[in-house]
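Asks:
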Amino acid sequence: MSWRGCILRWARDDIICIATRGNRITLNTQQRCGFKKAVKETKTKKGVIEEAGPSHTQPSEGLIHKRGASPPVEPSVAYSRSFGRLVKPLVFTIGFTGCSFGTAAIWQYESLKSRVQSYFDEVRADWLEKLRPQKQGDLRKWINQWWNSLSEGQRTVAGIIAANAVVFCCWRVPSFQRSMIKYFTSNPASKTLCFPMLLSTFSHYSFFHMAANMYVLWSFSSSIVSMLGREQFMAVYMSAGVISTMFSYVCKTASGRLGPSLGASGAIMTVLAAVCTKMPEAKLAIIFLPMYAFSAGNALKAIVVMDTAGLVLGWRYFDHAAHLGGALFGVWYIMYGHELIWKNREPLVKVWHDLRTKGPSGGGNGGSGPQ
0 MSWRGCILRW ARDDIICIAT RGNRITLNTQ QRCGFKKAVK ETKTKKGVIE EAGPSHTQPS
60 EGLIHKRGAS PPVEPSVAYS RSFGRLVKPL VFTIGFTGCS FGTAAIWQYE SLKSRVQSYF
120 DEVRADWLEK LRPQKQGDLR KWINQWWNSL SEGQRTVAGI IAANAVVFCC WRVPSFQRSM
180 IKYFTSNPAS KTLCFPMLLS TFSHYSFFHM AANMYVLWSF SSSIVSMLGR EQFMAVYMSA
240 GVISTMFSYV CKTASGRLGP SLGASGAIMT VLAAVCTKMP EAKLAIIFLP MYAFSAGNAL
300 KAIVVMDTAG LVLGWRYFDH AAHLGGALFG VWYIMYGHEL IWKNREPLVK VWHDLRTKGP
360 SGGGNGGSGP Q
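Quick note on numbering that gives the first Met the number 0: the sequence shown kicks off at 0 and runs consecutively.
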């Protein structure tokens, strides 16, 4: 095996070696003190640090996993289990969830406020389009026709899919690797705990992993957006990514089975669980086995049982804790969360309405606006 390069970084208790071979990344760790063999001395040549031989670095336990397939990265960080480190992620989870739903409520208000104006703008645009000479083979026109043919749910998740595709491409840039591992993989043993809770939700190393997750999201997009509306759906989806990661942090810290994770499956499990809870009699089928149909309620039960078993038995290929956390959040939100959170958004919307109408266009007397 030929190794193009190796970067050594001294951590507090271990040496982390990131070796690149083509587009694959292997991240191995070796403790300074312990029962593993010591790494041979390195030599510097022309400003490049090279390791004497990769055979002396043993792969660590556990694959990077999260809500899906595992990339070829095998980290292991010496870390003492301490729930005190999870206080900051917990505060971040609560704050981010509140901000997500608050932003969604304001977004919905602004959407309703501009709906009438948008209607007249569309009428005017259609009138001008009829007067304008038609172009054959116009790419922009074809894209507009395709976009308009999509459902509201599909248009809503298109941005999410595009963001996942951009992050997937970033994983292929060698100079981005260290930043991607730091910010786009969530790990309770990492120094960076909060931002990866959100960013890892848009991160996939394997193309199959990303394709499978995005296909499921696309398939359920019309149902979930018709149930919640695009603003509420975005708040639920973004919050679900952080909440599922927080659940994973807690379970990893409690069990001691630490390791980085990535993927959108935690948030997608929330979407799946919400649809299955709202429509338990709906018929679902597996893409590769379309002849076998089953109810959405039974599918949700099977998923929860499988992830619970994986969590208890310590299966490492998937981040079952994140899956289970996302599913439980989806069930809770449909049964209770919608009433507790979304139905009580009126005070915030009223405050925002007062701020908007007291501006220069409101006359300073409360003004008039959409109620």
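Every residue, glycine too, gets a C-beta built ideally from N, C-alpha and C.
Measure the C-alpha to C-alpha separation of K251 and P259 and round it to an integer number of angstroms.
Replies: Here residue 251 refers to the residue found at position 252 when the sequence shown is read from its first residue. Here residue 259 refers to the residue found at position 260 when the sequence shown is read from its first residue. Roughly 10 Å between the two C-alpha positions.
Asks: Grab the span of the beta strand (DSSP E) containing I340 for me, first residue to last.
Replies: Within the sequence shown, residue 340 is the residue found at index 341, counting from 1. First-last for I340: undefined, no H or E at that position.
Asks: Identify the continuous beta strand (DSSP E) that holds L257 and give its terminal residues.
Replies: Numbered from 1 along the sequence shown, position 258 holds the residue referred to as residue 257. First-last for L257: undefined, no H or E at that position.
Asks: When we look at the beta-carbon of L138 and count the other beta-carbons within 10 Å, is it buried (16 or more) or exposed?
Replies: The residue given as residue 138 occupies position 139 in the sequence shown. Under this definition L138 is an exposed residue.
Asks: In terms of alpha-carbon separation, which member of S202, W145 and Q144 lies closest to V166?
Replies: By one-based count along the sequence shown, residue 166 stands at place 167. Ranking S202, W145 and Q144 by Cα distance to V166 puts S202 first.
Asks: Quick check: the region 220-233 against the region 179-199, are there 3 or more CB pairs under 8 Å?
Replies: no
Asks: Out of S218, V86, S294 and Y236, which one is the CA nearest neighbour of F100?
Replies: Against the sequence shown, residue 100 aligns to sequence position 101. Closest option to F100, Cα to Cα, is Y236.
Asks: Hey, is the region 268-285 in contact with the region 96-116, meaning 3+ C-beta pairs nearer than 8 Å?
Replies: no
Asks: For a test of the three-state rule: what should DSSP assign to S199, helix, strand or coil?
Replies: By one-based count along the sequence shown, residue 199 stands at place 200. Note: S199 maps to helix in three-state DSSP.
Asks: So, for S220: in the same chain, excluding its five sequence neighbours on each side, which residues have a beta-carbon less than 6 Å away from its beta-carbon?
Replies: What you label residue 220 is simply residue 221 of the sequence shown in a count that begins at 1. Cβ neighbours of S220 beyond the five flanking positions: G152, Q153 and V156.
Asks: A188 lies in the beta strand (DSSP E); which residues open and close that run?
Replies: Residue mapping note: residue 188 aligns to position 189 of the sequence shown, counting from 1. Here A188 belongs to no beta strand (DSSP E), and DSSP marks it neither H nor E.
Asks: Quick one, are the C-beta atoms of L323 and F232 less than 8 Å apart?
Replies: As a first step, residue 323 must be located in the sequence shown, where it is residue number 324. As a first step, residue 232 must be located in the sequence shown, where it is residue number 233. No.
Asks: Excluding the 5 residues flanking W209 on each side, which residues of the same chain have their C-beta closer than 7 Å to its C-beta?
Replies: Translated into the one-based positions of the sequence shown, residue 209 becomes position 210. Note that residue 209 corresponds to Met in the displayed sequence, not to Trp. Excluding residues within five positions, the ones whose Cβ falls inside 7 Å are N163, F167 and H203.
Asks: Does Y248 pass the burial test, meaning 16 or more other C-beta atoms within 10 Å, or should it be called exposed?
Replies: To locate residue 248, count along the sequence shown from 1; it is residue 249. Counting Cβ neighbours within 10 Å, Y248 comes out buried, since at least 16 surround it.
Asks: What three-state label does DSSP hand L310 in the structure shown?
Replies: Walking along the sequence shown from the start, residue 310 turns up at place 311. In the three-state reduction of the DSSP assignment, L310 falls in the helix class.
Asks: Among residues of its own chain, excluding the 5 on either side of A282, which ones have a beta-carbon nearer than 8 Å to its beta-carbon?
Replies: As a working note, residue 282 is residue 283 in the sequence shown. Going by the sequence as given, residue 282 is Lys instead of Ala. Cβ neighbours of K282 beyond the five flanking positions: A292, F293, S294 and A295.
Asks: From which residue to which residue does the beta strand (DSSP E) around L347 run?
Replies: Translated into positions along the sequence shown, residue 347 becomes position 348. Taken as a continuous stretch (DSSP letters only), L347 belongs to no beta strand (DSSP E), being part of the alpha helix (DSSP H) at E345 to T356.
Asks: For I420, which of helix, strand or coil comes out of DSSP?
Replies: With the chain running from 0 to 370 in the structure shown, residue 420 is simply not present.
Asks: Under the three-state reduction of DSSP, which class applies to S150: helix, strand or coil?
Replies: Against the sequence shown, residue 150 aligns to sequence position 151. Note: S150 maps to coil in three-state DSSP.
Asks: Under 7 Å Cβ to Cβ from L89, same chain only, skipping five residues before and after it: list those, please.
Replies: Here the question's residue 89 lines up with position 90 in the sequence shown. Same-chain partners within the cutoff: M245.
Asks: Can you round the beta-carbon distance between A320 and L327 to whole angstroms, since I take them to be within the 8 Å contact cut?
Replies: As a working note, residue 320 is residue 321 in the sequence shown. As a working note, residue 327 is residue 328 in the sequence shown. Going by Cβ atoms, the distance from A320 to L327 rounds to 11 Å, so no, they are not a contact pair.
Asks: Looking only at C-alpha atoms, which of E280, G313 and L85 sits nearest to A188?
Replies: Along the sequence shown, one-based indexing puts residue 188 at 189. When E280, G313 and L85 are compared, the shortest CA-CA separation from A188 is found for L85.
Asks: Could you pull out every unbroken alpha helix (DSSP H) segment of at least 4 residues lying fully inside the region 198-230, listed in chain order?
Replies: 206-227
Asks: Going by DSSP, name the residue or residues bridged to A292.
Replies: By one-based count along the sequence shown, residue 292 stands at place 293. DSSP output for A292 lists A284 as bridge partner(s).
Asks: Just verifying my parser: in three-state terms, what is the DSSP assignment at A104?
Replies: For this step, residue 104 is matched to residue 105 along the sequence shown. A104 falls in the helix class under three-state DSSP.
Asks: In three-state terms, what does DSSP make of F167?
Replies: To locate residue 167, count along the sequence shown from 1; it is residue 168. Helix at F167.
Asks: Can you tell me whether M268 is helix, strand or coil according to DSSP?
Replies: By 1-based counting over the sequence shown, the position of residue 268 is 269. If DSSP states are grouped into helix, strand and coil, M268 belongs with the helices.
Asks: Verify the contact flag: L138, CB atom, against every heavy atom of the ligand MN, threshold strictly below 7 Å.
Replies: Ligands displayed in this structure: none; no statement on the ligand MN is therefore possible.
Asks: My output table needs one value for S113: the three-state DSSP class, helix, strand or coil.
Replies: The residue given as residue 113 occupies position 114 in the sequence shown. Looking at S113 - three-state DSSP - the assignment turns out to be coil, as it is neither helix nor strand.
Asks: Assuming M179 is part of the alpha helix (DSSP H), what are its boundary residues?
Replies: Indexing the sequence shown from 1 puts residue 179 at position 180. Where M179 is concerned, the enclosing alpha helix (DSSP H) stretches over Q176 to Y182.
Asks: Could you spell out the range, first to last residue, of the alpha helix (DSSP H) harbouring L323?
Replies: Sequence index remark: in the sequence shown, residue 323 carries index 324 (1-based). Segment H319 to W331, the alpha helix (DSSP H) holding L323.
Asks: Report the residue from Q116, V215 and C193 whose alpha carbon sits nearest the alpha carbon of F159.
Replies: To locate residue 159, count along the sequence shown from 1; it is residue 160. First, the residue type needs correcting, since residue 159 is Ile and not Phe in the sequence shown. Residue V215 is the option with its Cα nearest to I159.
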